[in-house]
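Report on the structure given below.
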Amino acid sequence: MPFSEKQLSILSCSPLFMGVDISEINSFLTNVGASPSHHSAGEQLVCQDEAQSAIHIVLSGKAVGERLLSDGRAVIVNEFEAGEVFGDMLSGAEEKSPVTVSVSEDGEILRLPFSALISQCEGHTATREKVIRNLITEIADKYFALQGRLDMLLCSSLRGKIAKYLIDQREKHGTDSFVVPHSREEQSRILNCDRSALSRELSRIKHEGIISYNGRHFEIKDPAVLKAL
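Structure (structure tokens):
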């Protein structure tokens, strides 16, 4: 059996296999010839401006999607943890990727060629139909998530970008006090800004009593004012 119980458990929680039994997942992936592979931090899985034809699922470790700008800066577009999917929005069209996806933490990645997903080979028809429906739903969900990301990047001020980032983190954690998963350097790449400028603006917002922070730990003192920035 190519997949361990832990890997199958992660796959069963992945958006691509929602509603599919673990035994069906194992049988289907074995049938289409998909298998996990180990990757070390720093390895590139998807290259910017190269055509893509496969869906990837993180089984362990982490991956990060970055867009390289003309001035040499890299902007973090998305991050992927165990169970999360990338490459799905481009795989069917075989379009060039707008980002480079690299391994940020050692782990295993499952690569599922789009052609294998839609092949008309005998068997697993019901499973294939479920996975394709899930794929369509996942693409739709990502469209709206990307719209939110675009809204943040289009903020006219760095202060507005910071506010959007912190409000998003607040919603993810469900509390006004939380630890963000990003260092200041990573935050600057997410917000597409200079790290020093980010630190200065955070200090100003803190001085105004809107937030407090220590390293990666933030507390939003006045959510209403922060949202209005």
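Heads up, the sequence shown is in this note's numbering, so the first residue is 2 and it goes up one at a time. Note that beta-carbon positions come from the ideal geometry of N, C-alpha and C, so glycine has one too. Here the structure is a predicted model, which is why all the values come from computation and not from measurement.
Counted as a single uninterrupted DSSP element, the stretch harbouring residue 138 is not any beta strand (DSSP E) but the alpha helix (DSSP H) occupying residues 126–154.
Its chain contains 49, 75 and 101 as the residues whose beta carbon lies nearer than 7 Å to that of residue 69, once the 5 sequence neighbours on both sides are disregarded; these appear in chain order. With distances taken between CA atoms, residue 54 lies nearest to 87 out of 87, 83, 4 and 107. For residue 176, there is no enclosing alpha helix (DSSP H), since its DSSP letter is neither H nor E. Taking 4 residues as the minimum length, the alpha helix (DSSP H) runs contained wholly in the region 4–30 are 6–14, in order along the chain. Residue 94 and residue 220 have their C-alpha atoms some 43 Å from each other. Contact check for residue 104 and residue 52: beta-carbon distance about 21 Å, past the 8 Å limit, so the pair fails to qualify. If the five residues before and after residue 89 are omitted, its C-beta is found closer than 7 Å to the C-beta atoms of 56, 136, 139 and 140, all from its own chain and listed in chain order.
A distance of 8 Å or more separates the beta carbons of residue 207 and residue 200.
As DSSP reads the structure, residue 108 sits in a beta bridge with 40.
Spatial neighbours of residue 226 in its own chain (CB-CB distance under 7 Å, excluding positions within 5 residues in sequence) are listed in chain order as 211.
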